Ligand SMILES: Cc1cc2nc3c(=O)[nH]c(=O)nc-3n(C[C@H](O)[C@H](O)[C@H](O)COP(=O)(O)OP(=O)(O)OC[C@H]3O[C@@H](n4cnc5c(N)ncnc54)[C@H](O)[C@@H]3O)c2cc1C
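Numbering (full-length UniProt numbering), first residue to last: 1 to 471.
Written out as structure tokens, the structure is:
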């Protein structure tokens with residue numbers, strides 16, 4: 001073992017986003033890394049059954065894209081080489097917020113959107129080239145191995161698909177990245193450890209998504225469209241998300257159990273019923289390339305491992321296995337990437353101290369708090385939301401953010417701050433800059449300014465000028 005490594009072997013359970021990012025990080029710290037995935041990774045970008053959400057729009061926030069470029073240099077160029085394109089989300093995207101059409105202007109909010117299968121495939125290809133990472137496919141982790149007297153998880157038992165063959169893998173550190181369906185609480189219980197407290201907050205949001213080919217003669221001054229729902233009454237939202245090979249993923253969502261339908265006519269009718277018909281107008285003559293996929297398991301679900309003092313050494317979890325968010329806010333992959341960076345930092349600072357898992361979960365909780373508050377806080381706007389009720393502070397925050405968005409319609413700087421917080425490139429307190437607080441109070445006092453022109457009567461903003469690509 002090279003003296004640069006802090007351990008001999010690390011094991012990652014689950015090979016989706018969180019697992020891939022984690023394996024990349026662990027390869028810097030352990031002599032050997034094994035990643036176990038129950039699916040077979042496809043040879044080309046394709047849907048696979050272990051990540052049923054892959055058929056839906058997967059927005060990679062700017063923060064996530066920056067981290068991926070840091071972990072896998074040249075990653076954005078690889079997406080471009082696969083026929084994806086840059087998008088300036090402010091200038092080249094139409095955004096209809098509850099306060100109206102947000103302004104457009106050239107910005108640094110540029111990413112290379114693509115399909116979720118392509119994103120995973122590009123990262124997987126890069127991981128395969130890292131010499132100390134071994135990938136075991138078609139193998140499911142069935143249980144954990146332990147050495148009770150030293151209070152440590154020492155390995156995992158895996159079972160190969162399509163055979164009765166199983167294997168025990170021993171490791172210094174094991175990471176659970178098996179996603180929403182993680183069995184970790186159950187496994188901990190079976191081994192006599194306490195299970196984490198859990199919170200589920202569900203606004204009963206449904207997704208329906210379909211892939212389209214952009215019409216050949218299609219001309220527009222936008223590359224993406226995002227139409228928000230407007231709580232509490234206007235439950236429907238949708239987006240056009242540009243992906244590789246001049247295709248769009250069109251996703252419509254219905255909050256508060258207003259689930260979008262899966263049949264062709266119903267899907268198009270739902271799209272037409274959004275607060276603006278622009279998405280419907282764009283897709284009505286476009287060529288569908290996929291069935292209509294639906295998804296309803298969108299509740300926010302957090303497991304508070306940081307609250308457990310009695311955790312075995314040698315095992316941690318991250319990604320959706322710890323915290324899933326209502327996906328409509330596009331945070332899951334970026335937070336998984338932030339979780340992997342948190343692990344990197346903790347390995348540098350705390351490993352192999354006893355109570356490493358506690359150290360890690362404490363840091364991870366700090367990363368999770370902002371996106372969690374953002375997603376659940378927004379979900380509390382819907383009357384059908386279960387799992388808690390908004391307190392006075394949440395209601396006040398709703399009113400404050402409404403004013404910020406309304407101000408953003410006329411003040412690009414404020415809108416830009418809002419986008420920075422949404423993309424997790426700036427902390428939420430950015431929106432509480434004294435200048436913004438004063439403006440919000442000004443609007444509250446001069447209440448007539450709150451009388452906005454009805455959204456339907458507002459002109460759709462135009463592209464300001466070509467966005468310059470800084471990369
Ligand atoms: C409808 C929908 C839309 C979404 N949209 C966005 C978006 O726009 N932007 C965004 O950032 N995020 C989005 N997300 C969230 C995003 O998909 C996840 O946050 C992200 O994939 C990270 O999840 P993960 O890697 O922790 O788990 P998952 O993606 O759930 O992957 C878990 C992996 O573990 C494997 N596995 C499970 N059990 C075992 C086992 N026992 N042994 C071996 N392997 C196992 C599975 O096969 C799978 O590969 C969306 C989610 C949904 C449901």
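For glycine and all other residues, C-beta sits at the position ideal for the given N, C-alpha and C. These numbers come from a predicted model, not from an experiment.
Near ligand 1: residue i beta-carbon under 7 Å from a heavy atom
{"i": "residue 90", "result": "no"}
{"i": "residue 349", "result": "no"}
{"i": "residue 258", "result": "no"}
{"i": "residue 458", "result": "no"}
{"i": "residue 336", "result": "yes"}
{"i": "residue 393", "result": "no"}
{"i": "residue 180", "result": "yes"}
{"i": "residue 151", "result": "no"}
{"i": "residue 295", "result": "yes"}
{"i": "residue 171", "result": "no"}
{"i": "residue 321", "result": "yes"}
{"i": "residue 39", "result": "yes"}
{"i": "residue 423", "result": "no"}
For residue j and residue i, the rounded distance between their alpha carbons
{"i": "residue 426", "j": "residue 288", "result": "37 Å"}
{"i": "residue 219", "j": "residue 184", "result": "50 Å"}
{"i": "residue 450", "j": "residue 404", "result": "At residue 450 the pLDDT is 49, less than 50, meaning the model places this residue with poor confidence; the figure from the coordinates comes in the next sentence. Cα-Cα distance, rounded: 12 Å."}
{"i": "residue 350", "j": "residue 356", "result": "6 Å"}
{"i": "residue 407", "j": "residue 244", "result": "34 Å"}
{"i": "residue 308", "j": "residue 145", "result": "20 Å"}
{"i": "residue 329", "j": "residue 375", "result": "7 Å"}
{"i": "residue 320", "j": "residue 231", "result": "27 Å"}
{"i": "residue 238", "j": "residue 57", "result": "10 Å"}
{"i": "residue 196", "j": "residue 305", "result": "5 Å"}
{"i": "residue 222", "j": "residue 125", "result": "32 Å"}
{"i": "residue 49", "j": "residue 285", "result": "30 Å"}
{"i": "residue 233", "j": "residue 251", "result": "20 Å"}
{"i": "residue 327", "j": "residue 400", "result": "23 Å"}
{"i": "residue 272", "j": "residue 31", "result": "55 Å"}
{"i": "residue 368", "j": "residue 396", "result": "22 Å"}
{"i": "residue 123", "j": "residue 72", "result": "8 Å"}
Beta-carbon separation (whole angstroms), residue i vs residue j, contact threshold 8 Å
{"i": "residue 259", "j": "residue 268", "result": "Not confirmed; about 16 Å, so no contact."}
{"i": "residue 75", "j": "residue 89", "result": "Not really, about 18 Å apart at Cβ, beyond 8 Å."}
{"i": "residue 35", "j": "residue 130", "result": "Their Cβ separation, rounded to whole angstroms, is 10 Å, which puts residue 35 and residue 130 out of contact at 8 Å."}
{"i": "residue 276", "j": "residue 96", "result": "5 Å"}
{"i": "residue 19", "j": "residue 37", "result": "7 Å"}
{"i": "residue 25", "j": "residue 343", "result": "6 Å"}
{"i": "residue 153", "j": "residue 338", "result": "So it is not a contact: roughly 24 Å between Cβ atoms."}
{"i": "residue 13", "j": "residue 162", "result": "Not a contact, Cβ separation roughly 19 Å."}
{"i": "residue 249", "j": "residue 93", "result": "That pair is no contact at about 14 Å."}
{"i": "residue 133", "j": "residue 208", "result": "About 37 Å separates the two Cβ atoms, so there is no contact after all."}
Cut-off 7 Å between Cβ atoms - residues of its own chain near residue i, not counting five sequence neighbours on either side
{"i": "residue 420", "result": "426, 430"}
{"i": "residue 412", "result": "103, 105"}
{"i": "residue 415", "result": "102, 103, 408"}
{"i": "residue 157", "result": "142, 143, 145, 166, 168"}
{"i": "residue 548", "result": "In this structure the chain extends from 1 to 471, so residue 548 is not present and cannot be described."}
{"i": "residue 341", "result": "67"}
Close Cβ partners of residue i (< 6 Å) along its chain, the five nearest in sequence each way excluded
{"i": "residue 299", "result": "200, 202"}
{"i": "residue 159", "result": "140, 142, 166"}
{"i": "residue 63", "result": "334, 423, 424, 425"}
Own chain partners of residue i with C-beta closer than 8 Å, once the 5 adjacent residues on each side are dropped
{"i": "residue 372", "result": "300, 302, 323, 325"}
{"i": "residue 112", "result": "65, 76, 79, 80, 84, 85, 86, 87"}
Beta carbon proximity, residue i to chain B, threshold 8 Å
{"i": "residue 293", "result": "The displayed structure is made up of one protein chain only, and chain B is not part of it."}
Three or more C-beta pairs below 8 Å linking the region 254-271 and the region 84-99: Output reads no: the region 84-99 does not touch the region 254-271.
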